[in-house]
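> Pasting a structure below so you can have a look.
There are 2 protein chains.
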Amino acid sequence: MTRPPPVQPIGAIRGTTLSNQLATELVKDILQARYRPGDALPTEEDLARRYDVSRAVVREAVQAVSMLGLTDRRQGRNTHVSSPTEWNDFAPELLRARAELGIVEDVLVELLELRRLVEVEAAALAAERATDPDIQRLQEILAQMDAAVGKRQDYTPLDVAFHDAMLQATGNHLLPRLFAQLRPVLEFAREVSAMTRPDALVTSQREHAAICQAIADRSPQAARAAMSQHLSWTANLDFSERIAELTRRRQG
Amino acid sequence: MTRPPPVQPIGAIRGTTLSNQLATELVKDILQARYRPGDALPTEEDLARRYDVSRAVVREAVQAVSMLGLTDRRQGRNTHVSSPTEWNDFAPELLRARAELGIVEDVLVELLELRRLVEVEAAALAAERATDPDIQRLQEILAQMDAAVGKRQDYTPLDVAFHDAMLQATGNHLLPRLFAQLRPVLEFAREVSAMTRPDALVTSQREHAAICQAIADRSPQAARAAMSQHLSWTANLDFSERIAELTRRRQG
DNA sequence: CGCCGACACTTGTCTGATAACCTGACTTGT
DNA sequence: ACAAGTCAGGTTATCAGACAAGTGTCGGCG
């Protein structure tokens, strides 16, 4: 397995290590149904030859892919692609790979719906249980957002911070973490939604203020309503053309 | 690194491969704060010596741990334990490890709360969007559950199937998958709750019937109410003593 | 026809070596 | 004295070749 020096290593992907590059390569192959559930992956030696890497690299890559639930390794048998029900769809690596492939269109609407489900009720919880420091923090962020209305680049991270602070105010540690994992794809959704909603910032800021007020008033009903209002426009969204355009732009 | 034959390999854990065993070992060490966030893990060679395995095994194990977001590898520097905000708390391997350690007490209540948040609204969604086959399937499962009231061993898997079918009836693919990932810990919660709620099956079955009826009637409000009722008893639950007992029993 | 063992194939593990990289201490020039 | 460059040691990343341990298949044998 002589390594010809100036040959592009795997796919010239921006990636740190060889094994990670190969891993994302395999993940993409599986997501694109180049290998289908139930199929056997090529032999480790095969993959090593094919990508001109050592078997150790292949093994670490396959290990990574298996940790995502995408494949099932057993000694003696080939490693097979698992049923999609086994996939860890919330693993950041998988979400990122999906986003990079533009395979998100089908998942994006569902993801936003999930977000709406959780966040509306979370707002109610936050109104019930927010501590004074929690509320203070929300108000601080809101003030900064007020100042940033007009500049989307400044506003967006504050928007994220606001929602995160709200989730933290529920006292349930899992909620911020769930959203932290979903963040990369939600960012992508935000990109798209920014296009579909040119009014955006002013309206958005009014809604944030309403949410904050409801929580400060300790009114779960009001909080639920305000958050529901804030996220309602995501309900009847059809992304397909927007995503197609973004993907085209990224690849072109 | 001579391998003495009859020495327990790593921890005599039930596990398939050496690297997987070592991986779960490291995961547990991190969860138990034996290595704290920011700390450096021992050298690969060090770990290899310590557990009497080859460096290749160590590397695959560390790769697995890193895929869970627990550690951060960079060439040249030691691999460090990441900040808990980076951890993939919804990865099945992590949840399982937590459950085996009995570190779930703090997470369990929050997990049930998350479940309640999502599932109540999911029931409403299902009432809106369930197809006829969806409803038929729910009714079939319900009938089987009717027959199984009285035998918890038969009932429990049907209970799981019912909730899964309900989530599928929402038409949102992410919902069943989220719960599939949470399953192991929810099972554990079920074990505990079985102890705290001896009335259980008859009441539970009545509630399931109400949920099913509401969905069949296409009434989101009724579905929300029924599911809320069904899960309400999880709200004010304090598991600490129960979990302590279960953990003691398992370790004793 | 069914059981069973030889055999090829594949994953799991071991060993030892080299390359790439980081850190911190040391040197050097101003 | 201080800043910048240099170097050495340690650590991870990768390579190569080998052997061990499972799995499945395909004969032959009862």
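Chain order of the listed sequences is A and B. For the first sequence, the positions run 1 to 252 when the working numbering is used. For the second sequence, the positions run 253 to 504 when the working numbering is used. For every residue, glycine included, the Cβ atom is placed at its ideal position computed from N, Cα and C. Values in this document were obtained by computation on a predicted structure and should not be read as measured data.
(1) With 8 angstroms as the threshold, decide whether the Cβ of K403 (chain B) is near any Cβ in chain A.
(2) Considering Cα atoms alone, identify which of B:N330, B:F342, B:Q273, B:R286 is closest to V193 (chain B).
(3) So, at 7 angstroms on beta carbons, what are the nonlocal neighbours of V53 (chain A) in its own chain, with the 5 sequence-adjacent residues on each side left out?
(4) Rounded to the nearest angstrom, how far is the Cβ of L410 (chain B) from that of M397 (chain B), given a contact under 8 angstroms?
(5) What residue range is occupied by the uninterrupted alpha helix (DSSP H) comprising P289 (chain B)?
(6) Within 10 angstroms of the Cβ of V454 (chain B), are there 16 or more other Cβ atoms? Answer buried if so, exposed if not.
(7) Can you list, in chain order, the residues of its chain whose CB lies under 8 angstroms from that of E459 (chain B), leaving out five sequence neighbours each side?
(8) Over what stretch of residues does the alpha helix (DSSP H) that includes E312 (chain B) continue unbroken?
(9) Whole angstroms are fine: how far does the CA of K28 (chain A) sit from the CA of R98 (chain A)?
(10) By Cβ distance, which residues of its chain are closer than 7 angstroms to L353 (chain B), with the 5 residues on each side in sequence left out?
(11) With DSSP as the reference, label T170 (chain A) as helix, strand or coil.
(12) Let me see if you follow: with CB-CB separation under 8 angstroms, is A432 (chain B) close to chain A or not?
(13) Just the chain A side, please: which residues come within less than 7 angstroms of H425 (chain B) by C-beta, in chain order?
(14) Does the Cβ of R98 (chain A) lie closer than 7 angstroms to at least one heavy atom of the ligand NAD?
(15) Is the beta carbon of N424 (chain B) closer than 8 angstroms to that of Q114 (chain A)?
(16) Step through the CB atoms of chain A and report whether any lies within less than 8 angstroms of the CB of F342 (chain B).
(17) For T337 (chain B), go through chain A and note every residue whose CB falls closer than 9 angstroms to its CB, in chain order.
(18) Strictly below 8 angstroms CB to CB, what residues from chain B border Q32 (chain A)?
(19) Could you work out which residues of chain A lie near L366 (chain B), taking near to mean beta carbons separated by less than 9 angstroms?
(20) Exposed or buried, D217 (chain A), counting other C-beta atoms within 10 Å across all chains shown (16 or more means buried)?
(21) May I have the straight-line CA-CA distance separating G66 (chain A) from R73 (chain A), to the nearest angstrom?
(22) Grab me the residues of A475 (chain B)'s own chain with a C-beta within less than 6 angstroms of its C-beta, minus the 5 sequence neighbours each way, in chain order.
(23) Who are the near neighbours of D89 (chain A) in its chain, counting only those whose CB is closer than 7 angstroms to its CB and skipping five residues on each side?
(24) Can you name the residues of chain B whose CB is closer than 8 angstroms to the CB of E60 (chain A)?
(25) When the cut-off is 8 angstroms and only beta carbons count, does A122 (chain A) lie next to chain B?
(26) Tell me, which residues are paired with H80 (chain A) by DSSP?
(27) Applying the 10 Å Cβ sphere with the 16-neighbour rule, what's the burial state of P385 (chain B)?
(28) Go through its chain and collect everything with a Cβ distance to I393 (chain B)'s Cβ below 7 angstroms, but skip five positions before and after it.
(29) Is R218 (chain A) helix, strand or coil by DSSP?
(30) Run down chain A in chain order and give the residues with a C-beta less than 8 angstroms from the C-beta of A308 (chain B).
(31) Where do the ends of the alpha helix (DSSP H) carrying D398 (chain B) lie?
(32) Please report the distance separating the alpha-carbon of Q433 (chain B) from that of Q136 (chain A).
(33) Measuring straight from C-alpha to C-alpha, what distance separates S232 (chain A) and T170 (chain A)?
(34) Mapping DSSP to helix, strand and coil, what is F162 (chain A)?
(35) Would you kindly check if the distance between the Cβ of P37 (chain A) and the Cβ of V81 (chain A) is under 8 angstroms?
Looking at the coordinates:
(1) The count along the second sequence starts at 1 and reaches residue 403 (chain B) at position 151. False, the Cβ-Cβ gap to chain A never drops below 8 angstroms.
(2) Nothing can be reported for residue 193 (chain B): it is not among the residues displayed for chain B, which extend from 253 to 504.
(3) Position 53 of the first sequence holds residue 53 (chain A). Result list for V53 (chain A): L18, L22, in chain order.
(4) For the purposes of this step, residue 410 (chain B) is identified with residue 158 of the second sequence, where counting begins at 1. For the purposes of this step, residue 397 (chain B) is identified with residue 145 of the second sequence, where counting begins at 1. About 5 angstroms; that satisfies the 8 angstroms criterion.
(5) Against the second sequence, residue 289 (chain B) aligns to sequence position 37. First-last for P289 (chain B): undefined, no H or E at that position.
(6) Here residue 454 (chain B) is taken as the residue at index 202 of the second sequence, counted from 1. So V454 (chain B) counts as exposed.
(7) As a working mapping, residue 459 (chain B) is identified with position 207 in the second sequence. Contacts found: A478, Q481, H482.
(8) Numbered from its first residue, the second sequence carries residue 312 (chain B) at position 60. It spans 307 to 319 - the alpha helix (DSSP H) in which E312 (chain B) sits, taken as one unbroken run.
(9) Your numbering for residue 98 (chain A) matches position 98 in the first sequence. Your numbering for residue 28 (chain A) matches position 28 in the first sequence. Cα to Cα, R98 (chain A) sits roughly 8 angstroms from K28 (chain A).
(10) Taking the second sequence and counting its residues from 1, the one referred to as residue 353 (chain B) is at position 101. Around L353 (chain B): K280, L283, Q284.
(11) The sequence position of residue 170 (chain A) within the first sequence is 170, counting from 1. Three-state result, T170 (chain A): coil.
(12) By 1-based counting over the second sequence, the position of residue 432 (chain B) is 180. Judged by the 8 angstroms Cβ criterion, A432 (chain B) is in contact with chain A.
(13) The count along the second sequence starts at 1 and reaches residue 425 (chain B) at position 173. The contacting residues are E110.
(14) This structure simply doesn't include the ligand NAD, nor any ligand for that matter.
(15) Counted from its first residue, the first sequence places residue 114 (chain A) at position 114. Counted from its first residue, the second sequence places residue 424 (chain B) at position 172. The identity of residue 114 (chain A) in the sequence shown is Leu, whereas the question assumes Gln. The answer is yes: Cβ separation under 8 angstroms.
(16) For this step, residue 342 (chain B) is matched to residue 90 along the second sequence. For F342 (chain B), the answer is yes, since a Cβ of chain A falls inside 8 angstroms of its Cβ.
(17) Numbered from its first residue, the second sequence carries residue 337 (chain B) at position 85. Those are P176, R177, A180, listed as they occur along chain A.
(18) As a working note, residue 32 (chain A) is residue 32 in the first sequence. The premise fails here: Q32 (chain A) is roughly 18 angstroms from chain B at the closest Cβ pair, so nothing lies under 8 angstroms.
(19) As a working mapping, residue 366 (chain B) is identified with position 114 in the second sequence. Near L366 (chain B) (Cβ distances below 9 angstroms), the residues of chain A are V118, N172, L174, L175, L178.
(20) To locate residue 217 (chain A), count along the first sequence from 1; it is residue 217. Per the 10 Å Cβ criterion, exposed.
(21) Within the first sequence, the letter at position 66 stands for residue 66 (chain A). Within the first sequence, the letter at position 73 stands for residue 73 (chain A). In the sequence as presented, Gly is not what sits at residue 66 (chain A); that position holds Ser. About 7 angstroms.
(22) Walking along the second sequence from the start, residue 475 (chain B) turns up at place 223. Correct list, in chain order: A375, A376, A379, A466, I467.
(23) Taking the first residue of the first sequence as position 1, residue 89 (chain A) is located at position 89. Closer than 7 angstroms at the Cβ level, and outside the excluded window around D89 (chain A), lies no residue.
(24) In the first sequence, the residue the question calls residue 60 (chain A) occupies position 60. Under the 8 angstroms cutoff, chain B gives R311, E312, Q315.
(25) For the purposes of this step, residue 122 (chain A) is taken as the residue at position 122 of the first sequence. Closer than 8 angstroms: yes.
(26) Your numbering for residue 80 (chain A) matches position 80 in the first sequence. Answer is A:A40, A:D72, bridged to H80 (chain A).
(27) Counting from 1 along the second sequence, the entry for residue 385 (chain B) is found at position 133. Exposed, because fewer than 16 other Cβ atoms sit within 10 Å of the Cβ of P385 (chain B).
(28) Position 141 of the second sequence, counted from the start, is the residue given in the question as residue 393 (chain B). If we look at I393 (chain B) and ignore the five residues flanking it on each side, its Cβ neighbours are L410, A413, F414, A417.
(29) One-based indexing of the first sequence puts residue 218 (chain A) at position 218. Reduced to three states, the DSSP call for R218 (chain A) is coil.
(30) Here residue 308 (chain B) is taken as the residue at index 56 of the second sequence, counted from 1. Chain A residues near A308 (chain B): A56, R59.
(31) Counting from one through the second sequence, the residue named residue 398 (chain B) turns up at place 146. Segment 384 to 400, the alpha helix (DSSP H) holding D398 (chain B).
(32) Reading the second sequence from its first residue, position 181 is the one you call residue 433 (chain B). Reading the first sequence from its first residue, position 136 is the one you call residue 136 (chain A). So the alpha carbons of these two residues sit roughly 35 angstroms apart.
(33) Within the first sequence, numbered from 1, the residue matching residue 232 (chain A) stands at position 232. Within the first sequence, numbered from 1, the residue matching residue 170 (chain A) stands at position 170. C-alpha separation (whole angstroms): 21 angstroms.
(34) Sequence index remark: in the first sequence, residue 162 (chain A) carries index 162 (1-based). Reduced to three states, the DSSP call for F162 (chain A) is helix.
(35) Taking the first residue of the first sequence as position 1, residue 81 (chain A) is located at position 81. Taking the first residue of the first sequence as position 1, residue 37 (chain A) is located at position 37. Yes, the pair counts as a contact, with Cβ atoms nearer than the cut-off.
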